[in-house]
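Using this note's numbering, you'd call the opening residue of the sequence shown number 8 and step up by one each time.
Everything on this sheet refers to the single structure shown next.
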Amino acid sequence: MTDHGHSQQEITERINAPPGRGVLRDVVYGGIDGSVTTFAIVAGVAGAGLSPFVIVALGLANVLADGFSMAAGNYSGTKAEIDNIHRIRAIEEQHIRLYPDGERKEVREILTQKGLSGRVLDEATDEITSNHDNWINLMIEGEYGLGSVDPHPLKAAMATFFAFLVAGMIPLLPFLFSIEGAFTVSAWMTAGVFFAIGAMKSRWSLAPWWRSGAETLLIGGLAAGIAFLVGSLFHP
């Protein structure tokens, strides 16, 4: 659990500059997918009995092309999320302009759901609706369940790509360096990556590190096992 200060200055600075959702989701998503898809190629090609050169070629192509594709998709998805928030903001601005009394009632209902009542509710409603930006921000959060802090598309895309690149290269290293028993070594290294990503993820959750690591290892292992099984069907 992260400690933070509670002096008035620290509270003001923290509340006025919220970090948003950050890039944790993007790093975990990119890292797991990079490991899974690259090792799936390694397992599938190895299961089919093809040469290490083919494994490296296809693996590198996957790391670069699929990594860029995921980053681009994450950028577009995050950008669409921002566009949707802006669309909703425009709708609320129009509603406040055309139906101010109805929108005030909505503010009262949101504040009532938060536990306010009586004179405090009346004063809070008046105070919030006297500030246009605060009014809209409350409506976006209370009526639509969206945060008022916009995500960062480029930051999300870069986090996804680099996590995918780093994690996706690990299953290929034994083949790049021609290590004896490369497939077995690659499998153990990839399993370690799965577990490490899950264990790292537990730092931002209440789950024990070993449970989070085992869960991610199980998910990645199932994907790799399916790929190896399918590849072995084509073994000459």
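Beta carbons: idealized from backbone N, C-alpha and C, even for Gly.
Note that the structure is a prediction, hence the values are computed from the model and not measured.
Exposed unless 16 or more other CB atoms sit within 10 angstroms - verdict on residue 227: buried
Other residues of its chain near residue 241: CB distance less than 7 Å, five sequence neighbours each side excluded: 55
Backbone secondary structure at residue 240 - three-state DSSP: coil
Beta-carbon proximity list for residue 48, same chain, < 6 Å, skipping 5 on both sides: 65, 66, 69
Residue 102 in three-state terms, based on DSSP: helix
DSSP three-state assignment for residue 159, whether helix, strand or coil: coil
Residue 190 - containing alpha helix (DSSP H), residue span: 189-208
Coil, strand or helix - residue 214 by DSSP: coil
N-terminal and C-terminal residue of the alpha helix (DSSP H) that residue 42 is part of: 31-54
Bounding residues of the alpha helix (DSSP H) (the contiguous stretch that carries residue 71): Here residue 71 belongs to no alpha helix (DSSP H), and DSSP marks it neither H nor E.
Span separating the alpha-carbon of residue 215 from that of residue 34: 20 Å
Of the residues 40, 76, 83, the one placed nearest residue 159, counting alpha carbons only: 83
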